[in-house]
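> Following this message is one structure expressed as C-alpha cells.
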Amino acid sequence: MSTISFPDGFLWGGATAANQLEGAYLEDGKGLSIQDVMPQGIMTPRTDGPTDDNLKQVGIDFYHRYAEDIALFAEMGFKTFRFSIAWSRIFPKGDETEPNEAGLAFYDRVLDELERHGIEPLVTISHYETPLHLAETYDGWVNRDMIGFYERYVRTLFTRYGARVKYWLTFNEINSIVHAPFMSGGINTPKDQLSPTDLYQAIHHELVASALATKAARELAPNAQIGCMVLSMPVYPLTPNPDDVFAALTTERVNLAFGDIHVRGEYPGYYLRSLREQGVELTITDEDRTLLKENTVDFVSFSYYSSICETTDESKRVMGEGNLFGGVKNPTLKESEWGWQIDPVGLRLVLNQFWDRWQKPLFIVENGLGAKDQLVEIDGVKTVADDYRIAYLQAHLEAVGEAVADGVDLMGYTTWGCIDLVSASTAQLSKRYGFIYVDRNDDGSGSLDRYKKKSFDWYAEVIRTNGASL
Ligand code: BG6
C-alpha cells in the first residue's frame with residue numbers, strides 16, 4: 005500500500021477512437037473516412053479506395069456490441085469513457101448542410117448506455133477520421149473552408165448532445181499533423197510534397213477551428229468543458245552539452261506551441277521566429293486573432309507514451325521507434341515490443357511542466373502499453389496473464405501520484421485502448437492495449453468474443469480504492 009492519493013471525483017477510465025473499434029464502416033449512411041484508405045496505418049501510402057485487408061472495416065464491432073462493452077467498463081468501475089464521434093457518420097462527405105440522423109442516433113444509444121451505468125462521457129470531436137471527401141476535394145485542413153465544415157459539425161454535436169456530454173476534446177493529438185499530415189490533418193498532398201507554408205496554414209486553420217468549437221460550446225452547451233489534446237513527449241538532452249540542452253528545448257517547443265496557443269490565445273514568439281526562418285508567411289485575419297484570444301481552453305488533455313532525446317551531434321543521433329514522433333533513442337530506457345521507450349518519470353515531468361507552464365487543469369487521456377498478448381485457459385476460464393501491462397500502468401500511476409502530490413490539478417486518467425482495438429500507427433490488432441481481450445487477429449480471423457485479462461481486476465481495484473491500492 006502506498007501513500008499515493010488522488011483527488012475525490014478523479015475521473016478514472018479508458019479511451020478509444022471510433023475508427024479503431026466501431027467497424028460498421030459503411031453502415032447507416034456512414035461515409036468513407038481517411039482511415040478507409042489506410043489499411044496499413046501510417047507505414048505505407050494511402051490506397052486509392054477501401055481494400056478488404058483493412059481491419060478497421062470491422063474493428064472490434066463496437067458498433068453492434070457497445071452495450072456489452074460498456075457493461076464491462078462499468079464492471080471495472082469506470083468513471084469516464086473516452087470515445088470519438090466518427091465525423092463521417094454525422095456528415096458522410098463532410099461538406100453537406102444537413103447531418104445524417106442515423107449516425108446521430110447511434111451516439112445517442114451509446115450515451116444512453118453510459119448514463120445507465122453512471123459513466124461520464126469524454127468525447128473527442130475529431131480523432132484521425134476526417135471524411136475522405138474533404139481530404140480529396142479540399143486537401144483537408146490546408147483549405148480554409150474546413151473551418152466552416154468543422155464548425156457546422158461541432159454545432160450539430162453540441163446541439164444534439166450538449167446537455168448530456170460535459171467534457172469535449174477538439175482534435176486528437178493536434179500537434180501530430182506535423183508528422184502525419186494525412187492521418188492527422190486529412191491533407192491529401194503527400195508529405196514529401198507538402199510545403200511548410202501549406203502545413204502551417206493547415207495548423208492555423210485547425211487552431212482557429214478549435215477556438216470556434218470553444219466559442220460554439222459557450223453558446224450551445226454552457227456547462228461543457230472544452231479541452232485541447234496534445235501528444236506529449238518530453239525531450240531530454242542526450243548530453244549535458246548546453247547545445248544539446250537547447251536543442252532539446254527547440255524540439256520540445258514543436259509540441260509545446262500547441263498548448264501555448266490553446267491556453268494563451270496567441271502565437272508565442274519562438275513559434276513566429278521559426279515560421280520566419282522557414283520562410284512561412286501565414287494568412288491570419290483579424291477575426292482569427294480575436295477568436296484565438298477570446299476562446300482559450302478550459303483544460304489541457306494529452307497522451308503520453310514515451311520520451312525522446314535530442315542532440316546536435318549527428319554521429320550520436322541514433323533514432324528510436326516511437327509514437328508518431330520518433331526521436332533520438334535514450335540509452336538508459338527499456339522499450340516495448342514495438343520499440344517505444346518506457347519512461348514513467350517522463351509522465352511526471354510532463355504533468356509538472358504543463359501545470360507549471362499553464363496553470364490549467366490537466367487530463368491524461370491516453371497512456372498504456374501495446375503488447376502481444378497470449379490467451380490462455382486458467383481453471384477453465386480464458387484470460388491473459390498480462391503482468392507486464394500491470395507493471396507498466398502501476399509505474400506510470402505512481403509517477404502520476406507524485407505529480408498530484410506536487411499540487412498538479414489533474415482531472416482524470418484514461419488508459420489507451422481499454423479494450424483491444426486496431427492500432428493507429430500499424431493497423432494491427434496484435435498490438436493490444438486492453439484490459440479486455442478481443443478475439444480477432446491480424447488476418448481478420450476470430451470470434452470477436454471478449455475475455456477479461458488479469459489487468460481487468462487490477463484496474464478495477466485501483467479505481468475502487470481511488471488509487472490507494474497502487
Ligand atoms: C495515439 C493515438 O497516438 O496513440 C491513438 O491517439 C493510438 O489513436 C495510440 O492508437 C497508440 O498508438 P498505436 O499506433 O499503438 O495504436
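Throughout, the working numbering is defined as the position within the sequence shown, counted from one, plus 4.
Think of the CB as a built atom: it goes at the ideal place given N, C-alpha and C, for glycine as much as any other residue.
All figures in this text were calculated on a predicted structure; none of them were measured in a lab.
Hey, is S37 close to the ligand BG6, as in C-beta under 6 Å from one of its heavy atoms?
Because no heavy atom of the ligand BG6 lies under 6 Å away, the Cβ of S37 does not count as near it: no.
> Going by C-alpha to C-alpha distance, which of L118, S307, L203 sits closest to N176?
S307
> Going straight from the alpha carbon of G471 to that of N104, what length do you get?
42 Å
> Looking only at C-alpha atoms, which of T218, L36, Y204 sits nearest to H137?
That would be L36, whose Cα lies nearest to the Cα of H137.
> Which of helix, strand or coil does DSSP assign to L433?
coil
> For T418 and A407, what's the separation of their Cα atoms in angstroms?
16 Å
> Residues in the same chain with beta-carbon distance under 7 Å from G33, minus the five sequence neighbours each way, listed in chain order, please.
P96, N104, A106, G107
> Whether or not the stretch 260-269 and the stretch 359-376 are in contact is what I'm after, with contact meaning three or more pairs of Cβ atoms, one per stretch, closer than 8 Å; do they touch?
They touch, by the three-pair rule.
> When the Cα atoms are used, what is the spatial distance from L118 to V146?
36 Å
> Excluding the 5 residues preceding and the 5 following A78 in the sequence, name in chain order all residues of the same chain whose CB lies nearer than 7 Å to its CB.
H121, I123
> Looking at the ligand BG6, does it come within less than 6 Å of W420, judged from the CB to the closest heavy atom?
yes
> Pick helix, strand or coil for V62, following the three-state DSSP scheme.
V62 falls in the coil class under three-state DSSP.
> Any idea what DSSP makes of E314, helix, strand or coil?
strand
> Run the proximity test for E124: is its beta-carbon closer than 6 Å to any non-hydrogen atom belonging to the ligand BG6?
no
> Tell whether a beta-carbon distance below 7 Å holds between I64 and L425.
yes
> Exposed or buried, M5, counting other C-beta atoms within 10 Å across all chains shown (16 or more means buried)?
Because M5 carries a pLDDT of 49, less than 50, the predicted location of this residue cannot be relied on, and the following value inherits that uncertainty. Label assigned to M5: exposed.
> Excluding the 5 residues flanking A215 on each side, which residues of the same chain have their C-beta closer than 6 Å to its C-beta?
L295, L296, N299
> May I have the straight-line CA-CA distance separating T255 from K456, to the nearest angstrom?
40 Å
> Starting from V332, follow its DSSP beta bridges and name the residues at the other end.
C313, M323
> Kindly examine the ligand BG6 and report whether one of its heavy atoms sits closer than 6 Å to the Cβ of G374.
At least one heavy atom of the ligand BG6 falls within 6 Å of the beta-carbon of G374.
> Looking at the unbroken beta strand (DSSP E) that takes in K386, where does it start and where does it end?
385-387
> Ignore the nearest five residues each way along the sequence and tell me which others in P241's own chain have a CB closer than 6 Å to its CB.
D248, V249, A252
> So if DSSP puts M233 in a beta bridge, which residue, or which two residues, is it bridged to?
S305
> Among the residues of its own chain, which have a CB less than 6 Å from the CB of K338, if the five just before and after it don't count?
I346
> Between E325 and the rest of its own chain, which residues show a CB-CB distance below 7 Å, the 5 nearest in sequence each way excluded?
Excluding residues within five positions, the ones whose Cβ falls inside 7 Å are W342, G343, W344.
> Which same chain residues, not among the five before or five after T218, have their C-beta less than 6 Å away from its C-beta?
I230, N299
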